[in-house]
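There are 4 protein chains.
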Amino acid sequence: MMKTTIDENLKECMEACLRCLKECNFCYNACLQEQDIDMMRECIRLDRECAEICALAASAISRNSPFMKEICLLCAQICEACGQECAKHEHHEHCKRCAEICFQCAEACKKMAS
Amino acid sequence: MMKTTIDENLKECMEACLRCLKECNFCYNACLQEQDIDMMRECIRLDRECAEICALAASAISRNSPFMKEICLLCAQICEACGQECAKHEHHEHCKRCAEICFQCAEACKKMAS
Amino acid sequence: MMKTTIDENLKECMEACLRCLKECNFCYNACLQEQDIDMMRECIRLDRECAEICALAASAISRNSPFMKEICLLCAQICEACGQECAKHEHHEHCKRCAEICFQCAEACKKMAS
Amino acid sequence: MMKTTIDENLKECMEACLRCLKECNFCYNACLQEQDIDMMRECIRLDRECAEICALAASAISRNSPFMKEICLLCAQICEACGQECAKHEHHEHCKRCAEICFQCAEACKKMAS
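Chains as they are written, first to last, in the numbering used here: chain A, 1133 to 1246; chain B, 1133 to 1246; chain C, 1133 to 1246; chain D, 1133 to 1246.
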């Protein structure tokens, strides 16, 4: 039968990925402007990595990709790494918020793939 | 001064792009399953084109890209082409809805870039 | 120590991914124009899936992503699925060639990640 | 008539984009590891911008996108901006090489679109 709706579980995961994509790119931009950029190298790098896999994951879900689960499992892993890096810089409001969103996205991805 | 917020105009455009990305991918998947796929060739093609530029545009805004306006102007053009193609297939609910979202996104992109 | 070169193994894998990205997109375009498009639905879909993960994989290697191995393992899996689908349509020259390139890319990705 | 080959002009442009994608990501990674990262902020940012539009442009050509010319014109503009930024840091070998490749890609894109 033709699949014409996206179930709630998938939708929740897709929205979590889009939120995380935005937050990681926002944090990336802010990190690039921080005075202590020397400390932010890994955060800049991981924000980009995370934004890219979140974009792929959200797009994969919305196009009903046969690999959406595998992509989301990888996404969860990268979100966790990014969240852990951001959590080291919680004195920056953008990193603190990004860490939270990353961990939420990791949870949503793992829940979806299970 | 460091830019730490996204203004309303940009945010609206970014959200329109994300909505359009989802709708185009949804329409792409539905078109690939339609019985009359022979008629949907251009729709499948343009849905993908549109989803990809919308992803780039939303990401560009969220990372404060110096080229966000140029990217959104191109996005508006592709959204209009996709919307016009989808509008030819309004008997398919997914195409009808996709056309509407594409035209809205084109407007949001043009408004943002002006 | 700062890493300023890409080793041969990685470079080979990156080039295989770029070749596969091109071939999958080429096959996608050709499939969209085939008379028997009804038979090519899964090929169109998988060509796009494969092109997107190959783009991510090649980009990940070139930017020294900490997740390049994980991304390439997923890439190998999607390349194999795409190659198997293309192999069903070997009477189309583009599918035949795409299947070969997909399998080569899968091998290169697995070798790199091991 | 079905288009089954990519003409030389397009192929040259596609290869220039892929070369530029690799070089920009390579420069991005190297910049993120430079001691004087404080000076490299714009280079990191533009390397990413350029890599992303080059990826889109190469993919657009390979899938015979109806918007390949418009995408390549935008790509040329971003390549030039990235090349100009990289040219300011020619004491870094990776920036020097990246500037050259960016300018070559800008030329190829403009030639293709004309």
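Backbone N, C-alpha and C fix where the C-beta goes; we use that ideal spot for every residue, glycine too.
7 Å CB neighbourhood of ILE1176(D) in its chain, flanking five on each side removed: As a working note, residue 1176(D) is residue 44 in the fourth sequence. Only TYR1160, CYS1163 and LEU1164 meet the Cβ criterion.
Which first and last residues belong to the alpha helix (DSSP H) in which SER1194(A) is found? The residue labelled residue 1194(A) in the question sits at position 62 within the first sequence. First-last of the alpha helix (DSSP H) with SER1194(A): 1173 to 1194.
Spatial neighbours of GLU1140(A) within its chain, please: CB distance less than 8 Å, with the 5 preceding and 5 following residues excluded, ordered by chain position. The sequence position of residue 1140(A) within the first sequence is 8, counting from 1. Beyond the five residues adjoining it in sequence on each side, GLU1140(A) comes within less than 8 Å, by CB distance, of no other residue in the same chain.
Counting only beta-carbon atoms, is LEU1153(A) nearer than 8 Å to chain B? Looking up residue 1153(A) in the first sequence gives position 21. Interface with chain B (8 Å Cβ-Cβ cutoff): LEU1153(A) is included.
Does any CB atom of chain D fall closer than 8 Å to the CB of ARG1195(C)? Here residue 1195(C) corresponds to residue number 63 of the third sequence, with the count starting at 1. With its beta carbon less than 8 Å from one in chain D, ARG1195(C) belongs to the interface.
Within its chain, find whatever has a CB closer than 7 Å to the CB of CYS1182(A); leave out the 5 residues flanking it on each side and keep chain order. Your numbering for residue 1182(A) matches position 50 in the first sequence. Cβ within range, chain order: CYS1152, CYS1156, ILE1210, CYS1211, CYS1214 and CYS1234.
Determine, using beta-carbon pairs with one atom in the stretch 1214 to 1227 of chain B and one in the stretch 1225 to 1243 of chain D, whether at least three such pairs fall under 8 Å. Short answer: they don't touch.
Just to make sure I have the definition right: I need the residues of chain A whose C-beta is within less than 7 Å of the C-beta of ASN1161(B). Which are they? What you label residue 1161(B) is simply residue 29 of the second sequence in a count that begins at 1. From the beta-carbon of ASN1161(B), the residues of chain A found nearer than 7 Å are ARG1195 and ASN1196.
Which residues of the stretch 1160 to 1186 of chain A have a Cβ closer than 7 Å to any Cβ of chain D? Give them in chain order. Going along the stretch 1160 to 1186 of chain A in chain order, one finds LEU1164, ILE1169, ASP1170, ARG1173, ILE1176, ARG1177 and ARG1180 with a Cβ nearer than 7 Å to chain D.
Assumed close pair CYS1186(B), CYS1218(B) - CB separation to whole angstroms, cut-off 8 Å: Position 54 of the second sequence, counting from 1, holds the residue named residue 1186(B). Position 86 of the second sequence, counting from 1, holds the residue named residue 1218(B). At roughly 14 Å, the Cβ-Cβ gap does not stay under 8 Å, so CYS1186(B) and CYS1218(B) are not in contact.
Looking at the C-beta of ASN1157(A), does it have a partner C-beta in chain G at a distance below 8 Å? In summary, chain G is missing from the structure at hand, where the protein chains are A, B, C and D.
Tell me, please, whether the CB atom of LEU1206(D) is closer than 8 Å to any CB atom in chain C? Your numbering for residue 1206(D) matches position 74 in the fourth sequence. So no, LEU1206(D) is outside the interface.
At a Cβ threshold of 8 Å, is LEU1150(A) touching chain B? For this step, residue 1150(A) is matched to residue 18 along the first sequence. Yes, LEU1150(A) counts as interfacial toward chain B.
Kindly list, in the order they appear in chain D, the residues whose Cβ is closer than 9 Å to that of PHE1199(B). Your numbering for residue 1199(B) matches position 67 in the second sequence. Under the 9 Å cutoff, chain D gives GLU1181, ILE1185, LEU1206, GLN1209, ILE1210 and ALA1213.
At the level of alpha carbons, what is the spacing between MET1146(A) and MET1172(B)? Within the first sequence, residue 1146(A) is the residue found at index 14, counting from 1. Within the second sequence, residue 1172(B) is the residue found at index 40, counting from 1. Rounded to whole angstroms, MET1146(A) and MET1172(B) show a C-alpha spacing of 26 Å.
Please classify SER1197(C) as buried or exposed, where buried requires at least 16 neighbouring CB atoms within 10 angstroms. Locating residue 1197(C) in the third sequence gives position 65, counting from the first residue. Buried is the call here.
Within this structure, are the beta carbons of ALA1240(A) and GLU1144(A) separated by less than 8 Å? Locating residue 1240(A) in the first sequence gives position 108, counting from the first residue. Locating residue 1144(A) in the first sequence gives position 12, counting from the first residue. Yes, they are a contact pair.
Secondary structure of LEU1150(D), DSSP reduced to three states: Looking up residue 1150(D) in the fourth sequence gives position 18. Here LEU1150(D) sits in helix by DSSP.
Coarse secondary structure for ILE1138(D), derived from DSSP in three states: Here residue 1138(D) refers to the residue found at position 6 when the fourth sequence is read from its first residue. Coil, per DSSP.
DSSP three-state assignment for GLN1254(C), whether helix, strand or coil: Because chain C is modelled from 1133 through 1246, residue 1254(C) falls outside the range shown and cannot be assessed.
Which two residues bound the contiguous alpha helix (DSSP H) that contains LYS1220(A)? Residue mapping note: residue 1220(A) aligns to position 88 of the first sequence, counting from 1. Segment: none, LYS1220(A) is in no alpha helix (DSSP H) and carries neither H nor E.
Any beta carbon from chain A within less than 8 Å of GLU1217(C)'s own beta carbon? Here residue 1217(C) refers to the residue found at position 85 of the third sequence. Cβ-Cβ to chain A under 8 Å: no for GLU1217(C).
So is SER1246(C) in contact with chain D if we call contact Cβ pairs under 8 Å? Position 114 of the third sequence, counted from the start, is the residue given in the question as residue 1246(C). No, no contact with chain D.
Would you kindly work out how many angstroms separate the C-alpha atoms of ALA1148(A) and LYS1243(B), rounded to a whole number? For this step, residue 1148(A) is matched to residue 16 along the first sequence. For this step, residue 1243(B) is matched to residue 111 along the second sequence. Approximately 27 Å, taken between the alpha carbons.
I want to verify the contact list: residues of chain C whose CB lies under 8 Å from the CB of LEU1188(A), in sequence order. By 1-based counting over the first sequence, the position of residue 1188(A) is 56. Those within 8 Å of LEU1188(A) in chain C are GLU1184, ILE1185 and LEU1188.
For LEU1205(A), collect the residues of the same chain with a Cβ closer than 8 Å to its Cβ; drop the 5 residues on either side in sequence, then sort them by chain order. Along the first sequence, read from residue 1 onward, the residue named residue 1205(A) stands at position 73. The answer, listed in chain order, is CYS1241, LYS1242 and ALA1245.
Indicate, with yes or no, if the ligand ZN has a heavy atom lying under 7 Å from the CB of CYS1152(B). Only the bare structure without any ligand can be found here, which leaves the ligand ZN out of the picture.
Kindly say whether ILE1203(B), judged by its beta-carbon, lies nearer than 8 Å to any beta-carbon of chain D. Residue 1203(B) sits at position 71 when you count from the first residue of the second sequence. For ILE1203(B), the nearest CB of chain D lies under 8 Å from its own CB, placing it at the interface with that chain.
Give the DSSP-derived three-state secondary structure of PHE1199(C) in the structure shown. For the purposes of this step, residue 1199(C) is taken as residue 67 along the third sequence, with counting starting at 1. Assignment of PHE1199(C) by DSSP, reduced to helix, strand and coil, places it in the coil class.
Proximity to ARG1180(C) [Cα-Cα], best of CYS1230(D), ALA1192(D), MET1200(D) and LYS1201(D): Locating residue 1180(C) in the third sequence gives position 48, counting from the first residue. For ARG1180(C), the nearest C-alpha among the options comes from ALA1192(D).
Excluding five sequence neighbours on each side, which residues of the same chain lie with their C-beta closer than 6 Å to the C-beta of ALA1231(C)? Mapped onto the third sequence, residue 1231(C) falls at position 99. Result list for ALA1231(C): GLY1215, CYS1218 and ALA1219, in chain order.
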